[in-house]
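> There's a structure below that I have some questions on.
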Amino acid sequence: MTQMVADAVRQAGVNFVDTVTMLLPRILITVSIVAVGWVIAWALKWVVRWLLIWLRFNNGCDRIGVGAVLKTADLPPADTMVSLIVFWLVWVGFLLSGVDVLGFTALEGMVRSFALFVPRLLVAIVILVLGVVCANFAWRATLIAAVNARVPSPRVVSGAVRALVLILAGAMALDQIALARTIVLTAFAIAFGAVMLGLAIAFGVGGGSIARRILDHWFPEPGQAEREEFRHL
Amino acid sequence: MADESLLSDDLLRQLVAVGHVDILVGIPTLNNATTVVDVVRAAQAGIGGYFPRARSVIFNADSGSDDGTPDLVRDATTDDTGTVTASRPLRTTQRITTPYHGLPGKGSALRMIFAVADLLSADAIVVLDPDVTSLTPEWIPALVRPVRDTAADVVAPLYPRAAADGPLVTQLVRPLVRAAYGWRLQEPLMGEFGCSRRFAGHCLERPAWGSGAIPDGVDLWMTGEALAHGFRPAQTALGPRLLAHARTRPGLPDVFQQVMDAVYACLEMHASYWLTRGPAEPVPCTGTLPGAVELGPRPDVTGMAQAFARDVVALHPVLQKVLSDATLAGVTAAATAPGPLVYPDELWAATVFEFLLAYHRAVMTREHVAQTLLPLYLGRTASFLQQHGSSGPAVVQDALESLGQAFELAKPQAAAQWKKA
Numbered sequence: 003m004t005q006m007v008a009d010a011v012r013q014a015g016v017n018f019v020d021t022v023t024m025l026l027p028r029i030l031i032t033v034s035i036v037a038v039g040w041v042i043a044w045a046l047k048w049v050v051r052w053l054l055i056w057l058r059f060n061n062g063c064d065r066i067g068v069g070a071v072l073k074t075a076d077l078p079p080a081d082t083m084v085s086l087i088v089f090w091l092v093w094v095g096f097l098l099s100g101v102d103v104l105g106f107t108a109l110e111g112m113v114r115s116f117a118l119f120v121p122r123l124l125v126a127i128v129i130l131v132l133g134v135v136c137a138n139f140a141w142r143a144t145l146i147a148a149v150n151a152r153v154p155s156p157r158v159v160s161g162a163v164r165a166l167v168l169i170l171a172g173a174m175a176l177d178q179i180a181l182a183r184t185i186v187l188t189a190f191a192i193a194f195g196a197v198m199l200g201l202a203i204a205f206g207v208g209g210g211s212i213a214r215r216i217l218d219h220w221f222p223e224p225g226q227a228e229r230e231e232f233r234h235l
Numbered sequence: 004m005a006d007e008s009l010l011s012d013d014l015l016r017q018l019v020a021v022g023h024v025d026i027l028v029g030i031p032t033l034n035n036a037t038t039v040v041d042v043v044r045a046a047q048a049g050i051g052g053y054f055p056r057a058r059s060v061i062f063n064a065d066s067g068s069d070d071g072t073p074d075l076v077r078d079a080t081t082d083d084t085g086t087v088t089a090s091r092p093l094r095t096t097q098r099i100t101t102p103y104h105g106l107p108g109k110g111s112a113l114r115m116i117f118a119v120a121d122l123l124s125a126d127a128i129v130v131l132d133p134d135v136t137s138l139t140p141e142w143i144p145a146l147v148r149p150v151r152d153t154a155a156d157v158v159a160p161l162y163p164r165a166a167a168d169g170p171l172v173t174q175l176v177r178p179l180v181r182a183a184y185g186w187r188l189q190e191p192l193m194g195e196f197g198c199s200r201r202f203a204g205h206c207l208e209r210p211a212w213g214s215g216a217i218p219d220g221v222d223l224w225m226t227g228e229a230l231a232h233g234f235r236p237a238q239t240a241l242g243p244r245l246l247a248h249a250r251t252r253p254g255l256p257d258v259f260q261q262v263m264d265a266v267y268a269c270l271e272m273h274a275s276y277w278l279t280r281g282p283a284e285p286v287p288c289t290g291t292l293p294g295a296v297e298l299g300p301r302p303d304v305t306g307m308a309q310a311f312a313r314d315v316v317a318l319h320p321v322l323q324k325v326l327s328d329a330t331l332a333g334v335t336a337a338a339t340a341p342g343p344l345v346y347p348d349e350l351w352a353a354t355v356f357e358f359l360l361a362y363h364r365a366v367m368t369r370e371h372v373a374q375t376l377l378p379l380y381l382g383r384t385a386s387f388l389q390q391h392g393s394s395g396p397a398v399v400q401d402a403l404e405s406l407g408q409a410f411e412l413a414k415p416q417a418a419a420q421w422k423k424a
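Just so you know, the protein sequences line up as chains R and B, in that order. Every position in the first sequence, counted from 1, becomes a number in the numbering used here once 2 is added. Every position in the second sequence, counted from 1, becomes a number in the numbering used here once 3 is added.
Here is the structure:
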């Protein structure tokens, strides 16, 4: 009995040593890959950052409204954001490669999945950026046009337009990365439909006189335009 | 030289039959049946009465009227007007009317008029607005004589204006052009004008015609071309300028956009000239304007002032992208201050120049830049009319002179920033 226990312990020890002997190089390789990956990712981050600074990337982002959105959300400036994204994409790639070297069955295929996910993530980011740009453009165009057309509450109208475009872009981005796709699409459809229905009912019930004023302004009776108090030219 | 491809064979035949002329009166038209006859008669009476020995032609470039305008031009005579009394003409004034092809608009019509004038070697060219109902025969010698007698190249009109008449010109275009181009020209948007063949030839040779770089406001482009390329400007006093009311005109936002596009485009085009131009010089003037102007009822601008206060608050985030902190603070203070609206000259000059820089730097689409300026322009107009709505011409003139000086003072800083951008 004692002999059996001793053999089992010895065998376990041998197995442990064998496993360690087999795993240790892999662990070292994994650690090396992760460490080298971190260094490369860090270097890339700084290269990208300096490149973007040199290209005055932040000025461009400020011009199209992305800078303001980042500021509102308490996020770092655009060049820092891009360099951070590059850092994490590269380092996570190395990290998963390193984990793959360990040969754990449960973790197999993660690198492949990550490689498939990265393009979708990049497309989603592009959709978001374009959404922000379009939303800001639509907001500004609506605000200026509403002010010049004497539409009541121009900031509310333009803010609603921007929110709708941003929601649309956000839903498209989430759909692109397939994150809770069904929930996102259903929630978007319900929210969008509810907002539109609510606006229509609110405008129809409470805004009849406003609608009349707006329509009178947009479609004046013939000769009305000549009733200005003075000529501007 | 004129681009003869602009002129059809039939038109060329007519022009060859006419031969050399001393005076060409050009009338660009588009559905002006209600007013064009009087304009043609006045032009004919002006030529016959004041230049009886001159060889002359009235040339109508029509943009495709469907109300019979070309026929009316062709058939118009002075026989039943009784306006020709000074003397009988010794020569017949030829009349030619032709449709033009290409881009619709006054620019294409003027190009054709210049091409015809070049081909006929016209010494003096007069362009009239067919919509004007107050045109008299005296406008013709007023626009021709500076070209023939004083060798002026471009003769801009002078109209008597009350405070509320044409604030887009008096509050914005005039002082801006004065400060930028360095000439005290009263009417840079020349509704009517006279010019020499030399200037017409210069305009014809500009590559901008073909490239589409000439803005819709071709009148302002011609003013800029004349001033920036050393042509001799002159001004001549005409009577009041009244326009027909019958036709549907574009709304203020469209007019404002068009004018601002033209202003901005011209300043971009002539930047090398105006950035180095010094203080404004006076432009020689012939004739005198009437001392009194019919004021009409004082316009009620209370609504405009209230709208200005609302608009500045609503547009604040957009204005932040265009205006400096100091100017924005000034505009906000003017909008929110209790009592009558006061938008000072210096603040208005700074506002306009900062919008000009925003346009140059393309901080947002150029259409948005112009449209954002419109509520501020209305605020400035309301402020000016609250102060001078019922003032006499001398007081209004002093106020406008003061505005022009404020623009001149603001220009050097704007020019420096333009160069940095």
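Quick reminder that beta carbons are idealized off the backbone N, C-alpha and C, glycines included.
(1) State buried or exposed for B:Met263, treating a residue as buried only when at least 16 other CB atoms are found within 10 Å of its CB.
(2) Do the segment 325-339 of chain B and the segment 144-161 of chain B meet, that is, are 3 or more Cβ pairs less than 8 Å apart?
(3) Just checking: is the beta-carbon of B:Gly169 within a distance shorter than 8 Å of some beta-carbon in chain R?
(4) Can you grab the Cα-Cα spacing for the pair B:Asp65 / B:Val266, in whole Å?
(5) Do the segment 71-87 of chain R and the segment 101-114 of chain R meet, that is, are 3 or more Cβ pairs less than 8 Å apart?
(6) Roughly how many whole angstroms lie between the Cα atoms of B:Asp83 and B:Cys288?
(7) Rounded to whole angstroms, what's the CA-CA distance from R:Gly15 to R:Thr21? Just pull it up for me.
(8) Under 7 Å, CB to CB, which of the residues in the segment 312-330 of chain B have a partner in chain D?
(9) Note down the Cα distance separating R:Met112 from R:Asp64, rounded to an integer number of angstroms.
(10) Which first and last residues belong to the beta strand (DSSP E) in which B:Gly2 is found?
(11) Quick check on DSSP: helix, strand or coil for B:Leu278?
(12) Grouping DSSP H, G and I as helix and E and B as strand, with all else coil, what is B:Thr84?
(13) Roughly how many angstroms lie between the CA atoms of R:Ala80 and R:Gln13, to the nearest whole one?
(14) At a CB-CB cut-off below 7 Å, which residues of chain B make contact with R:Val149?
(15) Taking R:Ile55 as the query, report the chain B residues whose CB atoms sit under 8 Å from its CB, ordered along the chain.
(16) Near R:Glu110, what residues of its chain come up, given a Cβ to Cβ distance below 8 Å and the 5 sequence neighbours on each side ignored?
(17) Please list the terminal residues of the continuous beta strand (DSSP E) segment that includes B:Ala240.
(18) Measure how close the beta-carbons of B:Val39 and B:Val76 come, nearest whole angstrom, since I'm counting them as under 8 Å.
(19) Beta strand (DSSP E) containing B:Leu439: first to last residue?
(20) Could one say the Cβ of R:Ala143 lies closer than 8 Å to chain B's Cβ atoms, at least one of them?
(21) With a threshold of 7 Å on Cβ separation, who are the neighbours of B:Arg58 within its own chain once the five nearest residues in sequence on each side are excluded?
(22) Measure from the C-beta of R:Phe232 to each C-beta in chain B and report whether the shortest distance is under 8 Å.
(23) Could you spell out where the alpha helix (DSSP H) holding R:Thr144 opens and where it closes?
(24) Under 8 Å between C-beta atoms, does R:Ile87 make it to chain B?
(25) Answer with buried or exposed for R:Phe18, where buried requires no fewer than 16 other C-beta atoms within 10 angstroms of its C-beta.
(26) My parser needs the alpha helix (DSSP H) runs of 4 or more residues fully inside the segment 366-393 of chain B; what are they?
(27) Please state whether the Cβ-Cβ distance between B:Ala45 and B:Thr139 is less than 8 Å.
(28) Rounded to whole angstroms, what is the Cα-Cα separation between B:Ala417 and B:Val355?
(29) To which residues of the same chain is B:Glu357 closer than 7 Å at the C-beta, ignoring the five residues directly before and after it?
(30) Under 8 Å: do the segment 8-21 of chain B and the segment 387-406 of chain B share three or more Cβ pairs, one atom per stretch?
(31) From B:Ser393 to B:Leu246, what distance separates their C-alpha atoms?
(32) Relative to chain R, which residues along the segment 351-379 of chain B have a C-beta separation below 7 Å, given in chain order?
(33) Whose Cβ in chain B lies nearer than 8 Å to the Cβ of R:Ile146?
(34) Would you call the segment 373-393 of chain B in contact with the segment 146-158 of chain R, where contact means no fewer than 3 C-beta pairs closer than 8 Å?
(35) Just verifying my parser: in three-state terms, what is the DSSP assignment at B:Glu228?
(36) Leaving out five residues before and five after B:Gly85 in sequence, what residues of the same chain have Cβ atoms less than 7 Å from its Cβ?
The structure says:
(1) buried
(2) no
(3) yes
(4) 26 Å
(5) no
(6) Because the pLDDT of B:Asp83 is 48, which lies under 50, any placement of that residue in the model is unreliable, and the question is left without a value.
(7) 10 Å
(8) Given the protein chain composition of this structure (R and B), no chain D is represented.
(9) 37 Å
(10) Absent from the structure is residue 2 of chain B, since the part of chain B shown begins at 4 and ends at 424.
(11) coil
(12) Its pLDDT being 46, under 50, B:Thr84 is placed unreliably by the model, and nothing is read from it.
(13) 58 Å
(14) Asp314, Ala317, Leu318 and Pro378
(15) Those do not exist, as R:Ile55 stays about 20 Å from chain B at its closest Cβ, beyond 8 Å.
(16) Asp102
(17) Pro236 to Ala240
(18) 6 Å
(19) Nothing about residue 439 of chain B can be reported from this structure: the residues present for chain B run from 4 to 424 only.
(20) yes
(21) His23, Val24, Asp25 and Arg94
(22) yes
(23) Met112 to Asn150
(24) no
(25) exposed
(26) 369-391
(27) yes
(28) 10 Å
(29) Val325, Leu326, Ser327 and Thr330
(30) no
(31) 22 Å
(32) Val366, Met367, His371, Gln374, Thr375, Leu377 and Pro378
(33) Leu318, Val321, His371, Gln374 and Thr375
(34) yes
(35) helix
(36) In this prediction, B:Gly85 has a pLDDT of 43, which is less than 50 and means its spatial position is unreliable; nothing more can be read from the coordinates.
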